[in-house]
Amino acid sequence: MRNGVLISVMLAVALTSAVTPSHAATFGAVVPIGGHASDIALDESRGVLYIANFTANRIEVMSLADGSINTSMNVAAQPGAISISPDNQFLLVAHFGNVKTPATGTNALTLINLNDGTRQTFTTGDTPLGLAFLADGTAMVVTSSSLLQFDPVSGLVNVLTTFAALATQQIPAKTPTFPTQIILAQVETTPDRTVAYGVADDGSSQAFFRYDVRKGTLYAGGFITGPKALPRLAVAADGSWTMVGQYKLDSTLRFPNQFPNSIASVNIGANAVDSKKGILYSQILTIDPSKSSSSSSSSSSPAASQPPVLYLLDADNLTIRDTLSLPENLTGRAVLNANLDTLYAVSDSGVTVMPVGRINQFHRVNATQSDVLVSGNFCDRNVIVQTLTITDPGGGNTDFAINVNQTGVTISPSSGITPATVQVRVDPNSFQNQNGTVAIPMTISSGTAINIPKPLRLLVNNRNPDQRGTVINVPGTLVDVLPDPKRNHFYVIRQDLNQVLVFDSTTFSQVATLRTGTTPTGMAITMDQQYLLVGHDNSQFIFVFDLDTLAAQTPIEMPSGHYPRQVAVSGKAMLSLVRDITGDAPGAIDRIDFANRKATELPTLGVYVNNVDPGGVLAGAPNGGTILAAMPDGTVMLYDANADTFTIARKDYTALSGGFAASSYNTYVVGQYLLNASLVTQGTLETSTGTAAGFAFVDTTGLRTTTPASASPGVIQRVDPSVSLGIRPTRMVESPLTPTTIATTPLLRSLAPLFDHSAVISLSVSGFMVLPWSYDAAVAPPKISSIVNAADGTKPVAPGGLISVYGQQMSPVNMATSQIPLPTALGESCLTVNGLPVPMLFVSSSQINGQLPFNVSGNATMTLRTPGGISDNFNFSIFTAAPSIFRSGTAGPETGLATIYRADNNQLVTPTNPLHPNDEVIIYATGLGLTQPSVDAGLPSPSDPLGVALIVPQLTLGGVPMTVDFAGLVAGEVGVYQINARVPAKAPQGLSIPLVVNQSGVGTTLSVRVVNN
Amino acid sequence: MRKIQLSVLLLAAAGTTCFAQQWEFGGGGGASFLPGVPVSGAIGSATAGFQAGVSAGAFAGQNLYNHLSGEIHYAFQQSNLKLQSGGSEATFSGVAHVLHYDLVYHTNKKDSRTQYYVSGGAGLKIFRGTGAEQAYQPLSQFGYFTKTQALKPMATFAVGVRYALRPRVYLRTEFRDYITAFPTDLITPAPGTKYGSLLNDFVPMITLSYEY
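Right, dumping it as C-alpha cells:
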C-alpha cells in the first residue's frame, strides 16, 4: 500500500501518454516497486501480477487493471524466483539464501496458498535458483546442485538429476549487483506447462535442461557460448525451442539462430514469444553495427549506454520487424498474458507493462522505401525530383521530420504528419565533381513515434558518358553474389533481412526471395549444379535450396555451436569455414556430408591444426580441383581434392582484404595478390586505380574491380594472370562494394560474370551494377531510324505520349524499369527531344520506349547518347494530339488486341464480346496530348483531380457519334490515357463496324463488332 | 415483337372459326434434339447448333371433323448453343420459344380409344442466346456466340398416337420436327466460314390432354 496511490497515478499517466503519445515516445508503462525485482508471475484469474521484490523481501501484488500495487506480501529473505500453480492455488517462492559466513544459510521454498493465505516453508539444502510449476501440478526447482520436482500437496521432493555444484554468487554482493546477476538461472515453460526449459549459470559455463512432463524425459547438458547467453528464456508453444538471451536453442542444444551483433550482458535483456503470430519480443544488447568487426562474436564493451529498445523479431530467423523505444531496460523474466496482447517484464524500476497487442494504436513512423535513388546523367542536368512516402505502419497520423545534411538536396516538406508524400529535390550540379554514387543518410525523427525508424539512404549518382554499367537499386546489406551456371538466374545475399534474392539474368529483375537463417554470409552451388547452399554467421545450419524449384530442402546441421559462415564445394569434399561459439578455437573448417545433411569438424587440416580465423572465406575452383581458404590475418590455405586434404598453408601478408577467387587453372587471387598453385605470390595487381574490391576468373583470365572511394566511380579491368596485368581499365557508373563499404567482412565476393557471357554483375553502393560483357569493346555510335507511338506503332505522336524509338546500337544492355519517376537515363542510354530529356521505360540495342515531354510540339529533333557517342539528329513531327489505341490486350491465346473494354463485363471488345447498344466502353490509348491539370513527363498521373484532355476526342461508331464521358490520363500511370464513351442506341450492326477516334484532325480507326440486344 | 403479336392474332382468329366444335387442351414435355448444321471453311470443319435440351409446352385443339382437327401449340425449349470441332466443344446458354398452328389428321374416328395421327403446320421460333459473352471463346475461328435473339419462320411436322386413358382424358405421344433457318444472329459465322442453312429440331413429346 505504501506506494500504491503514487504508483497508480504514475501508471495511469504512463498508460494515458502511451495511448495518446505526446512527448514520451517510448512504449510501455513502468511500475516502480521500491526495490529490485527478481521475478514475476501472472495470475489472470485474480487479475494480478506477483512481483518478487528481492531486496525488500516482499511479493508485490500489482493490479492488472490499473497497474497499482495495493498489496504486498512480506516473505522470507531474498525471494529470487516465483511461480504460480496451473490451478492458481499456490504461489511458490524460492529464497536465495547463499550467504557468506558468519550468517546462516536461508535457502528455502515458501508455498503460499492463495485461496486461504496459509503458508508452508520448506528448507532446501542448496540454494534454489529458479522454479516453475508444471502441467501435472508439481514444480520444477533448480538448485545450485540439482534439479528437483516438488509436490506442493504432499511436500515431497524428488531429485530428477544432480550436477556439479554451480559457483553461485553469495550475499552480500558488491554494488551494484542486481538480483538476476546473483541468481543466474531461470526456468520457463510452454504456455500449457508440458515442457520446461531451464538454464543455470556457474559463472563460466552454463547448464541447460529440457523436461518433457508428458514423457517424463529430461535432456540436460552444459554449454559455453561466446558471448555468454543471459538466462532469460522464452519457450515456443510447441516446446521445440527456447530463446536464451540472444541464442535460440532447440530441444537437443543445437543453435538454430543467434541474434546478430549481440554482446554479453550481465543484467539487461528479456525474451517472450507469441507463437501464434511467430513474434519474439526481445531486448538484446548489441554493438553498434557500424563498428562491428568481421563477425558478430564480439563481446566487447557492454552497451549499457544504448537506449533501451524492444525488438519485434520473426521467431524463425530473428529478422527484425520493428524496434520500439522502451522507457527503461528490461532485466528479467518477460511474460505474455493469455490473450497475447500484454507483455509484463521485470525492468530496472520493477516491472514494465507493454500493450503489444495494441501497437498499431501507437504512433510509429517509417518510410515506405529504404533507398531513394537519384540518377543524374549527361543528358539532363536539371533538378531531379524523387518522391518518398512517410507512413505510420498502424495507419495513424504521426508527426515526423526528415533531415538531410547535404548541399544541393532539399526536402519538401521536411516535416509533417503521416501519411505524407515528400519530395526530394537534388541539384545534379552540386554533385558535378562526384561521378560515382554518394550515399547520404536521411534521418527520420518524430516527437511521438515509439519506434526507431528504419535507415534511409539518398543515393545520388552523376555519371559521365565514359562510365559504364547500369545501376540496379537493391536496398539493404548485400554481402555475396553468385551466378547460376545452368539457369538464367543469379543470387544475391541480402543479409539484413536474412534473404537470398533471386534475379533474372536477362531482365535483372528480382524473381524470387529465399528465406534463410540468421545472417546469411556466403553461398555455393553443388557440383551437380542442383542445389544452392547458404551459410550463416548466426545459425548452426547451412540452408539448402533446390535451384529448379527454389524450394527449401532439409538444411545441413553443423556441429553444435558451429556457425557455417562460408561454404565451398570441390569434386571431393564440401567444406565450411565456421565460427565456433562454443569451442576454444574461434573458427574451424568442417566437412559436410551432403547426403546425410550433417557436418563434422575436421580433426586437422592435413598437417595443420584446425584453427582458423572465423572471418575467413572459401572459394572453390570451378573445376572442383581445389578450395582456397583466405583469412583476414593474411593466412591462405589450399584444399586439394585429389589429395583430399589441405596441402598448403602460408602467411605471407599481414592482412588481406578485397575480392577473392579460385580458377580452374591453379591460379588464385586474394585482394591485390595473384597466387600460384602453391599459393605463392606470383604477382601483385596495381592499386593505382584504388582499393581491390571484386575479382572473378573467366576461364584463364580474370575480371577485377577497384575503387578509390565509395563515392567515386569504380574501375573494372580484365586481368591476364600470366603477367599480372590489368587490361583496359574502364570507369564504372559507381563504386563496387568494398569491405569498407559494408564493414562486415574484409573479404568479399562482389563480382559475378554470368555464365552465358551476357553481362557482368558487380555488387555496388546502390545495389548492383550490370556491365555488358564487352564493356571495354569499341562501341559504334547509336542510330535512330524511326519514331512511332508505342500504342499501335503508327507515326503520329503527341506531347506526353508513349513512343517507341527504333534504330541500331541504342543500348549495350536490355533493360526495363519500374522506377517512378521514369529515369531520363536507362542502362547507358539517354534520349533528348529538342534538348529536353525523354523519360524512358525500356532500352535495348534496337528499341527504346519512352514518354515524350509535354512541352514539345511541331517539328522536333531527337538525339540519343550512349557509350558509343551521340546519334545523328532525327527530325520528326509532334502533333498537338495523335490518339492511338494500345494493341496490348490479350484474351485467351489471342494477343495484340486493341485495348477497348466493355464496362459491362470489363473484358476486351472482340467478335465474341461485341458491343451492344448503350454499352459503355473504356478505351486505353496514348497521344491525347496536354491535360488539365498538367503533369510532368515521367511522373504518374494524379487521381485527384484527374488529368483531363484539353482537346476532347470525337468518337463515332459506324458513323454515328458516341457520347464521350471522360477523356484524360489514367491515374497512377505514365502516358496512358483513357476514353470513356457510350455506344449509340442506333449504332449500325455488323461484324466490322468502324470505330473512329479523332482529335484535332488526327485520328485512328478500328473495326469492332456491334450486335443488337 | 410486332411480328409475334401479329402471328398470335392470326392463329387465334383461325381457331375461332370452328368454336362450336369439340375442344381439347393439354400439356406435356419432352426432349429436343438438334443435329446442328455443318460449318466449312479454310480453317477446317465444325458443327454449329444446339445441345439437346428439354422441351415443355401446351396446346389447344378443336376437333373439326371425324378425321381432322386444328391445334395451336406453344413450347419452351432450353437448348444451349454449341460449336463442335474434332474433340472440342464450346457452348453458350440459350433458350427458344415456339408457337405454331397445326392441322391434324386422325387415322381413326374420334371416338376410337386409340387414334394415330399426323400433323403439319407453321409458326415462329424465337431463339435467345442468354450466356455471358467473353472476350475469348473457344472455337471462335468457326463462329461467335452472341447474347441476342432471333425470330425465324418455322414449319413443323409430327406423327403420334392418342390413347384414351379414360373418357375425355388422353395420353398423346408424338414425334415432331421443327424446321427453321439457322439463327446466325446467335451463332454468327466467323469470316471465311459457311454454315448449313436449315436447322431441324426433333422433339419427342408426351402430352396429357382433356377433351370436352
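Read top to bottom, the protein sequences are chains A and B. Per the working numbering, the very first residue in the first sequence carries number 1; after that it's consecutive. Per the working numbering, the very first residue in the second sequence carries number 1014; after that it's consecutive. All C-beta atoms in this analysis are idealised placements derived from N, C-alpha and C, irrespective of residue type, glycine included. Values in this document were obtained by computation on a predicted structure and should not be read as measured data.
Query                                                                                                                        : Result
Residues in the segment 1151 to 1180 of chain B having any Cβ partner in chain A nearer than 7 Å                             : Ser1153, Tyr1157, Phe1158, Thr1159 and Thr1161
A:Pro739 - DSSP class collapsed to helix/strand/coil                                                                         : helix
Chain B contacts made by the segment 178 to 193 of chain A, where a contact means CB separation under 8 Å                    : none
Per-residue contacts from A:Glu894 into chain B (C-beta, under 9 Å)                                                          : Ala1148, Tyr1149 and Ser1153
Residue of A:Pro227, A:Asp192 and A:Leu160 minimising C-alpha distance to A:Thr217                                           : A:Leu160
Closer than 9 Å at the beta carbon, the chain A residues around B:Ala1061                                                    : Neighbours of B:Ala1061 on chain A: none; closest Cβ ~14 Å, over 9 Å.
Residue-chain proximity (A:Gly889, chain B), Cβ-Cβ < 9 Å                                                                     : yes
Same chain only: Cβ atoms within 6 Å of A:Arg749, ignoring 5 sequence neighbours per side                                    : Asp480
Proximity below 9 Å, CB of A:Thr926 to CB of A:Gly827                                                                        : no
Candidates A:Ser884, A:Lys174 and A:Asp776, of which the one nearest A:Ala798 by Cα                                          : A:Ser884
Close-in-space but distant-in-sequence residues of the same chain around B:Thr1120 (CB under 6 Å, 5 per side omitted)        : Tyr1129
For B:Met1218, three-class secondary structure by DSSP                                                                       : strand
Alpha carbon of A:Pro713 to alpha carbon of A:Asn855, nearest angstrom                                                       : 34 Å
Residue-chain proximity (A:Asn405, chain B), Cβ-Cβ < 9 Å                                                                     : no
Distance CB(A:Phe1014)-CB(A:Leu313) smaller than 9 Å                                                                         : A question about residue 1014 of chain A goes unanswered here, because the residues of chain A that appear run from 1 up to 1013.
For A:Thr101, three-class secondary structure by DSSP                                                                        : coil
Reduced DSSP secondary structure (H/G/I, E/B, other) of A:Gly858                                                             : strand
Cβ neighbours of B:Gln1091 in the same chain (closer than 6 Å, five flanking residues each side left out)                    : Gly1066, Val1067 and Val1108
Contact with chain A by B:Ala1203, beta-carbon distance below 9 Å                                                            : yes
Cα-Cα separation, A:Ile542 to A:Arg579                                                                                       : 13 Å
Endpoints, beta strand (DSSP E) assigned at A:Thr180                                                                         : Taken as a continuous stretch (DSSP letters only), A:Thr180 belongs to no beta strand (DSSP E), being part of the alpha helix (DSSP H) at Pro179 to Ile183.
is_contact[A:Pro1060, chain B] using C-beta, thresh 9 Å                                                                      : Shown here, chain A extends from 1 to 1013; a query on residue 1060 of chain A therefore has no answer.
3-residue-minimum beta strand (DSSP E) runs that sit fully inside the segment 629 to 698 of chain A, ordered along the chain : 635 to 640, 645 to 651, 660 to 662, 668 to 670, 673 to 675, 681 to 684 and 691 to 698
Within-9 Å CB hit, A:Arg1009 to chain B                                                                                      : yes
Whole-number beta carbon distance between A:Ile922 and A:Tyr901, since they are thought to touch under 8 Å                   : 4 Å
Buried/exposed call for A:Pro1032, threshold 16 Cβ in 10 Å                                                                   : Since the first residue shown for chain A is 1 and the last is 1013, residue 1032 of chain A is missing from the structure and cannot be characterised.
Strand pairing of A:Thr701, partner residues [DSSP]                                                                          : A:Val698
One or two residues paired with A:Phe90 in a DSSP bridge                                                                     : A:Asn113
C-alpha distance - A:Ser300 paired with A:Leu656, whole-angstrom precision                                                   : Residue placement at A:Ser300 is flagged as unreliable, the pLDDT there being 40, under the threshold of 50; the coordinate-derived value follows with that caveat. Each residue's alpha carbon lies about 23 Å from the other.
Test: A:Pro853 CB closer than 9 Å to a CB of chain B                                                                         : no
Ranges of the beta strand (DSSP E) found wholly within the segment 328 to 416 of chain A, counting only runs of at least 3   : 330 to 336, 343 to 347, 350 to 354, 371 to 376, 384 to 391, 399 to 403 and 409 to 412
Coil, strand or helix - A:Asn429 by DSSP                                                                                     : helix
Per-residue DSSP class, three states only, for A:Gln499                                                                      : strand
When B:Leu1094, B:Leu1081, B:Ala1088 and B:Glu1224 are compared against B:Arg1240, the one with the closest alpha-carbon     : As displayed, chain B neither begins before 1014 nor continues past 1225, which places residue 1240 of chain B out of reach and without an answer.
The segment 552 to 565 of chain A contacting the segment 493 to 502 of chain A, beta-carbon criterion three pairs below 8 Å  : no
Local conformation of A:Gln978 per DSSP, three classes                                                                       : strand
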